[in-house]
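Residue numbers (the numbering used here), protein chains in the order written: chain A, 112 to 416; chain B, 4 to 241.
Structure below.
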């Protein structure tokens, strides 16, 4: 990591360069949290369930990408292929495991999500082993991408995040499929009356969440290295981000992801230390749930009794 | 005249709770049929049963001679039954225009969507003024117009209306019913109308059915029912 040459103020608190660097690194990791938060929101807004297995599914997708690259497939081709495969896997899970639980109590669904989490974790260990693997970055040798405070990969991952958010926005805002997806998530019964197959929309929603998670996994793996437990902490940060933004609001979730990334880095560096970083996420989760359950930009739902 | 909708021996239940017993009901092509009854008589459930929404059913439902009972709700909608549900079913965070576009999903050809939207705006000029507005921020009357407009976007042959007058000012109700009459005469749209306001419903319809606790207890020409002693006393208050 670069520090400004010859600076006398090497201690942390008043080093402006160091602060900026931590801020930007926070923004960069926040991008990954933002993508994962989007995947969570995608499923939550349609089903009102938090997919606790989302992180492990993303990790598994990243292993698929790793395997494809090991086979000698060029990075970007493997990238696209992985997204497609993850879409399909996620759809299969929806049909085979989640759909049969449609009218079951919340607790049953939660247990199934935890089951999926464990299954994907063990499956990855079984198929690919528990040793930590290096995952390539497509940006690492692009010198022009490097600005003084961020590595080329951090900047590249940030660009991917922005591109994804913009694409998703355009998709949901301007395409018919996007509109029907929003409608089915918001009011499945009315959607059915309008001739929209809500079940199919749910399937597409799951597929999209899986595909989005895969992108998050592939972007974070070069930083944290690939192993079956790679995503467990990241999912917590993403969950905190989604909660801050309002769990039913995609734009809020993206903003929340960035906020958590920055807070985690700055608090980790200057206040609580690296060891307690994950605690920041947990404090945020508990804090939001107690003091502002609807998040900063979410809708407060008042149930009529 | 030919029957457009023909229901025979229909039972319907929410889970194990049986609501409808042995309903038989017809809607003629191009006609308006009213379904009357007090709160909780099963009128809304009857409309839901036709669309297979939230209920399980036994019996027979024929639409244009095709047995549709047991079909998925979305498929029934695409077959030509527009349902303006209880509570209007508006997509509250979407705009008027987005709501109308969604309605077009029930039109299998999905062609001429923009000219269909223009046609809805001709019937309901208020919706044109509000076309970029979030539906949830509109008045009750505007939302009811939007709900009807959304159902019309699917180019239905039969329109099921669940209490279109509910919670609306008398002036607004009059406007909406004027437009419904126009749709019936100008476009030969058949209507099955559920209404608590029995006077309004009997004026608007040719055929009427009276429901009590999940069964049909009286049926006939609307003009005859309007003169029926029980109906006059209990439902018309005269």
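Beta carbons are placed, not taken as given, at the ideal position from N, Cα and C, and that holds for glycine.
*Pull up the distance between the alpha-carbon of residue 147 (chain B) and that of residue 224 (chain B), whole angstroms please.*
Taking the second chain and counting its residues from 1, the one referred to as residue 147 (chain B) is at position 144. Taking the second chain and counting its residues from 1, the one referred to as residue 224 (chain B) is at position 221. Rounded to whole angstroms, residue 147 (chain B) to residue 224 (chain B) spans 28 Å at the Cα level.
*Alpha-carbon spacing of residue 390 (chain A) relative to residue 21 (chain B), whole angstroms*: Taking the first chain and counting its residues from 1, one reaches residue 390 (chain A) at position 279. Taking the second chain and counting its residues from 1, one reaches residue 21 (chain B) at position 18. Rounded to the nearest angstrom, the gap between the Cα atoms of residue 390 (chain A) and residue 21 (chain B) is 52 Å.
*Assuming residue 296 (chain A) contacts residue 316 (chain A) (C-beta within less than 8 Å), just tell me the rounded distance between them.*
As a working note, residue 296 (chain A) is residue 185 in the first chain. As a working note, residue 316 (chain A) is residue 205 in the first chain. By a beta-carbon distance limit of 8 Å, residue 296 (chain A) contacts residue 316 (chain A). Their separation comes to about 7 Å.
*the stretch 279-302 of chain A: which residues have C-beta closer than 9 Å to a C-beta of chain B, in chain order?*
Within the stretch 279-302 of chain A, the residues whose Cβ lies closer than 9 Å to some Cβ of chain B are 287, 290, 291, 293, 294, 297, 298, 300, 301 and 302, listed in chain order.
*What are the residues that DSSP puts in a beta bridge with residue 60 (chain B)?*
For the purposes of this step, residue 60 (chain B) is taken as the residue at position 57 of the second chain. The partner list for residue 60 (chain B) (beta bridge, DSSP) reads B:15.
_Can you check whether the C-beta of residue 97 (chain B) is within less than 8 Å of a C-beta belonging to chain A?_
In the second chain, residue 97 (chain B) corresponds to position 94, counting from 1. Chain A, which has a Cβ nearer than 8 Å to the Cβ of residue 97 (chain B), makes this yes.
*Would a check of beta-carbon distances place residue 415 (chain A) closer than 8 Å to chain B?*
By one-based count along the first chain, residue 415 (chain A) stands at place 304. Only weak support is given to the placement of residue 415 (chain A): the predicted model assigns it a pLDDT of 43, under 50, and the value that follows is read from those uncertain coordinates. Answer no: the Cβ-Cβ gap between residue 415 (chain A) and chain B never drops below 8 Å.
*Using DSSP with H/G/I as helix, E/B as strand and the rest coil, what is residue 240 (chain A)?*
Reading the first chain from its first residue, position 129 is the one you call residue 240 (chain A). Here residue 240 (chain A) sits in coil by DSSP.
*Distance, Cα to Cα, residue 346 (chain A) vs residue 166 (chain A)?*
Within the first chain, the letter at position 235 stands for residue 346 (chain A). Within the first chain, the letter at position 55 stands for residue 166 (chain A). A direct Cα-Cα distance of roughly 5 Å separates residue 346 (chain A) from residue 166 (chain A).
*Are residue 211 (chain B) and residue 222 (chain B) touching if we call contact CB-CB under 8 Å?*
Here residue 211 (chain B) is taken as the residue at index 208 of the second chain, counted from 1. Here residue 222 (chain B) is taken as the residue at index 219 of the second chain, counted from 1. At the C-beta level, residue 211 (chain B) and residue 222 (chain B) come within 8 Å of one another.
*Take residue 96 (chain B) and list the residues in its own chain whose beta-carbon comes closer than 7 Å to its own, dropping the five residues that flank it on each side.*
As a position in the second chain, residue 96 (chain B) is number 93, starting the count at 1. Result list for residue 96 (chain B): 137 and 139, in chain order.
*In three-state terms, what does DSSP make of residue 193 (chain A)?*
The sequence position of residue 193 (chain A) within the first chain is 82, counting from 1. Reduced to three states, the DSSP call for residue 193 (chain A) is helix.
*Can you name the residues of chain A whose CB is closer than 9 Å to the CB of residue 54 (chain B)?*
Start at 1 with the first residue of the second chain, and residue 54 (chain B) comes out as number 51. 303 and 304, listed in chain order.
*Inter-residue CB distance, residue 339 (chain A) and residue 252 (chain A) (contact presumed, cutoff 8 Å)*: On the first chain, residue 339 (chain A) is found 228 positions in, with the first residue counted as 1. On the first chain, residue 252 (chain A) is found 141 positions in, with the first residue counted as 1. Rounded to whole angstroms, the Cβ separation of residue 339 (chain A) and residue 252 (chain A) is 28 Å, and the two are not in contact under 8 Å.
*Does the count of Cβ pairs from the stretch 165-180 of chain A and the stretch 188-201 of chain A closer than 8 Å reach three?*
The stretch 165-180 of chain A vs the stretch 188-201 of chain A: in contact.
*To the nearest angstrom, how far is it from the Cα of residue 191 (chain B) to the Cα of residue 57 (chain B)?*
As a position in the second chain, residue 191 (chain B) is number 188, starting the count at 1. As a position in the second chain, residue 57 (chain B) is number 54, starting the count at 1. Roughly 29 Å separates the two Cα atoms.
_Does residue 229 (chain A) pass the burial test, meaning 16 or more other C-beta atoms within 10 Å, or should it be called exposed?_
Walking along the first chain from the start, residue 229 (chain A) turns up at place 118. Exposed, since its Cβ has fewer than 16 Cβ neighbours within 10 Å.
*Taking only beta carbons into account, state which residues of the stretch 140-161 of chain B come closer than 7 Å to chain A, listed in chain order.*
Within the stretch 140-161 of chain B, the qualifying residues are 153 and 157.
*asked:* Once DSSP output is grouped into helix, strand and coil, what is the label at residue 186 (chain B)?
replied: Against the second chain, residue 186 (chain B) aligns to sequence position 183. In this structure, DSSP gives residue 186 (chain B) a helical state, which the three-state scheme calls helix.
_Backbone CA spacing between residue 373 (chain A) and residue 134 (chain A) [nearest angstrom]_ = Your numbering for residue 373 (chain A) matches position 262 in the first chain. Your numbering for residue 134 (chain A) matches position 23 in the first chain. Rounded to whole angstroms, residue 373 (chain A) and residue 134 (chain A) show a C-alpha spacing of 6 Å.
*Note down, in chain order, every chain B residue with its Cβ under 7 Å from the Cβ of residue 358 (chain A).*
Counting from one through the first chain, the residue named residue 358 (chain A) turns up at place 247. Those within 7 Å of residue 358 (chain A) in chain B number zero; the least Cβ separation is about 15 Å.
*Please list, in chain order, all residues of the same chain as residue 116 (chain B) whose beta carbon is under 6 Å from its beta carbon, the five residues on each side excluded.*
Position 113 of the second chain, counting from 1, holds the residue named residue 116 (chain B). Shown here for residue 116 (chain B): same chain residues with a beta carbon closer than 6 Å to its own, the five before and five after excluded, namely 107 in chain order.
*asked:* Using 8 Å for Cβ pairs, my map puts residue 38 (chain B) next to residue 196 (chain B). What's the rounded Cβ distance?
replied: Here residue 38 (chain B) refers to the residue found at position 35 when the second chain is read from its first residue. Here residue 196 (chain B) refers to the residue found at position 193 when the second chain is read from its first residue. So it is a contact: roughly 7 Å between Cβ atoms.
*Going by Cα to Cα distance, which pick from A:182, A:183 and A:353 is closest to residue 371 (chain A)?*
Counting from one through the first chain, the residue named residue 371 (chain A) turns up at place 260. Closest by alpha carbon: A:353.
*Looking only at C-alpha atoms, which of B:228, B:203 and B:206 sits nearest to residue 213 (chain B)?*
In the second chain, residue 213 (chain B) corresponds to position 210, counting from 1. In terms of CA proximity to residue 213 (chain B), B:228 leads the group B:228, B:203 and B:206.
*asked:* According to DSSP, is residue 239 (chain B) part of a helix, a strand, or is it coil?
replied: Taking the first residue of the second chain as position 1, residue 239 (chain B) is located at position 236. Residue 239 (chain B): coil per DSSP, three-state reduction.
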